[in-house]
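Below is one structure; the comments refer to it alone.
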Amino acid sequence: GAGVSQSPSNKVTEKGKDVELRCDPISGHTALYWYRQSLGQGLEFLIYFQGNSAPDKSGLPSDRFSAERTGGSVSTLTIQRTQQEDSAVYLCASSRTSGSGTGELFFGEGSRLTVL
Amino acid sequence: LAKTTQPISMDSYEGQEVNITCSHNNIATNDYITWYQQFPSQGPRFIIQGYKTKVTNEVASLFIPADRKSSTLSLPRVSLSDTAVYYCLVGARYNQGGKLIFGQGTELSVKP
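Chains X and E supply the protein sequences, listed in that same order. Each residue of the first sequence is one higher than the one before, counting from 54 in our numbering. Each residue of the second sequence is one higher than the one before, counting from 49 in our numbering.
See the structure below:
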């Protein structure tokens with residue numbers, strides 16, 4: 054597609070349920086990032102993928118959070134046993150890792166998660 | 049990783065020039081400086097990138113002194129639509145090394 058696509062755009066769930074958030078990056082972008090943004094806050098790094106590998110998972114806040122990427126493309130962020138503090142906007146970004154441009158991050162519109 | 053420090057908020061009026069400075073004292077030799085703009089309910093988007101001296105595009109200018117320990121984003125003649133949060137990011141142009149950490153950002157409020 055033309056840009057980074059995230060789904061769902063909005064998700065309301067009950068505490069204790071599992072949720073899956075999907076990111077479809079720009080074709081050809083080998084790097085993929087997940088960030089979390091709580092209301093009125095900055096961008097909190099969660100995880101970075103290079104291809105299908107995640108060399109940096111250091112930002113995942115707990116073992117309830119996991120992510121995978123398949124085919125060097127689509128990524129899924131899974132939150133198990135959701136808690137109210139997980140409520141936030143989850144942003145995905147992708148970028149090239151070589152070339153002659155800026156290497157800038159292209160962000161999706163985010164998935165807004167509300168845990169009741 | 050180069051840590052960045054920016055003012056948390058700034059106020060301006062329409063038509064004024066706005067300068068937002070970012071400090072990055074431990075910037076590495078191969079690091080570039082990239083600025084992003086984020087509107088409410090949207091993901092950040094790229095504004096400008098530079099390595100040294102001055103870069104200008106149709107949206108902004110970026111001034112980087114010789115020691116590269118800071119950078120200044122300059123927005124000429126701001127309008128109400130420039131109200132947003134501006135983030136300074138320091139890292140390799142093509143990151144292959146892992147996390148990219150955004151600072152807290154500067155919330156710019158432009159008033160009529």
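Positions of the beta carbon are idealized from the N, C-alpha and C atoms, including for glycine.
Would you mind reading off the limits of the beta strand (DSSP E) that contains residue i?
i        : result
E/Asp79  : 79-86
X/Pro108 : 106-109
X/Gln90  : 84-90
E/Gln97  : 93-98
X/Ala141 : 141-148
E/Leu123 : 118-123
X/Asn63  : 63-66
E/Lys102 : 101-104
X/Gln103 : 97-103
Strictly under 9 Å for the Cβ-Cβ distance: is residue i near chain E by that measure?
i        : result
X/Ile61  : A small fix is needed here, since residue 61 of chain X is Pro in this sequence, not Ile. False, the Cβ-Cβ gap to chain E never drops below 9 Å.
X/Ser11  : No statement about residue 11 of chain X is possible, as the shown extent of chain X runs from 54 to 169 and does not include it.
X/Thr129 : no
X/Val57  : yes
X/Ala120 : no
X/Ala141 : no
X/Pro78  : no
X/Gln137 : no
X/Pro108 : yes
X/Leu85  : no
Let me see if you follow: with CB-CB separation under 9 Å, is residue i close to chain X or not?
i        : result
E/Lys100 : no
E/Lys159 : no
E/Ala140 : yes
E/Tyr84  : yes
E/Glu94  : The question names Glu, but residue 94 of chain E in the sequence shown is Phe. Output row for E/Phe94: interface = yes.
E/Ile149 : yes
E/Gln64  : no
E/Asn73  : no
E/Asn78  : no
E/Tyr135 : yes
Below 8 Å, is the gap between the Cβ of residue i and the nearest heavy atom of the ligand PLP?
i        : result
X/Gly154 : Looking at this structure, you won't find the ligand PLP or any other ligand, since it has none at all.
Name the chain C residues whose beta carbon is nearer than 7 Å to that of residue i?
i        : result
X/Glu162 : Note that chain C does not occur in the displayed structure, where the protein chains are X and E.
Any idea if residue i is buried or exposed, counting beta-carbon neighbours within 10 angstroms, 16 or more meaning buried?
i        : result
E/Thr101 : exposed
E/Gly146 : buried
E/Thr53  : exposed
X/Gly154 : exposed
E/Val158 : buried
E/Thr82  : buried
E/Ala76  : exposed
E/Ile56  : exposed
>> With three or more C-beta pairs closer than 8 Å as the rule, is the region 116-136 of chain E touching the region 129-137 of chain X?
In response: With contact defined as three or more Cβ pairs closer than 8 Å, the region 129-137 of chain X and the region 116-136 of chain E are not in contact.
>> Check whether the region 101-109 of chain X and the region 79-86 of chain X are in contact - that is, three or more C-beta pairs closer than 8 Å.
In response: yes
> Which residues, in chain order, does the region 148-159 of chain X contribute to contact with chain E at a C-beta distance below 9 Å?
Replying inline: Ser148, Arg149, Thr150, Ser151, Gly152, Gly154, Thr155, Gly156, Glu157, Leu158, Phe159
> Using Cβ-Cβ distances below 7 Å, what residues of the region 89-109 of chain X are close to chain E?
Replying inline: Gly95, Leu96, Phe98, Tyr101, Gln103, Pro108, Asp109
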